[in-house]
Amino acid sequence: ITISKNGLLVKLNVDSTDMQVNNNFINLDVPPEVREGRTFVPLRAVAEAFGAEVNYFGYEQKVEIKYQDIILEMWIGRNEARKIKRL
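Written as structure tokens, this is what we have:
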């Protein structure tokens with residue numbers, strides 16, 4: 109799995125807890141995996157590698173990702189997400 113944006117290169121391998129960010133290696137809590145034909149990556153690690161701020165609100169079971177002027181909100185167990193553009 110390779111993701112690149114604005115000169116940043118992130119590489120992950122399924123079933124490996126090593127993530128490469130440019131020339132640095134980071135040990136992940138959980139590896140990327142394939143389930144029912146879909147690839148799942150550790151979202152917090154990937155988002156933070158690109159400079160995003162990730163927060164988890166346990167009482168709402170909500171994940172919030174802030175990146176530049178965008179806020180993404182997602183809820184555990186729900187098939188919905190919301191994108192908010194900050195002013």
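Take the sequence shown: its letters are residues 109 to 195, numbered as in my numbering. Yeah, the Cβ is synthetic: ideal placement off N, Cα and C, and Gly gets one too. For clarity, every value in this text was computed on a predicted model and none was experimentally measured.
Problem - Buried/exposed call for A189, threshold 16 Cβ in 10 Å - result: exposed
Problem - Pair within 8 Å by beta-carbon distance, K174 and A157 - result: Going by C-beta atoms, K174 is not nearer than 8 Å to A157.
Exercise for the section: Can you give me the Cβ contacts of V142 inside the same chain, cut-off strictly under 8 Å, excluding the 5 residues immediately before and after it? Expected result: Scanning its chain for C-beta atoms nearer than 8 Å, with the 5 sequence neighbours on each side dropped, one finds around V142 the residues V122 and F148, in chain order.
Exercise for the section: Starting from the N-terminal side, write out each stretch of the beta strand (DSSP E) that is 3 residues or longer and does not extend beyond the segment 159-188. Expected result: 161-165, 170-175 and 178-183
Practice task
Rounded to whole angstroms, what's the CA-CA distance from E168 to Q128? Just pull it up for me.
Solution key: 32 Å
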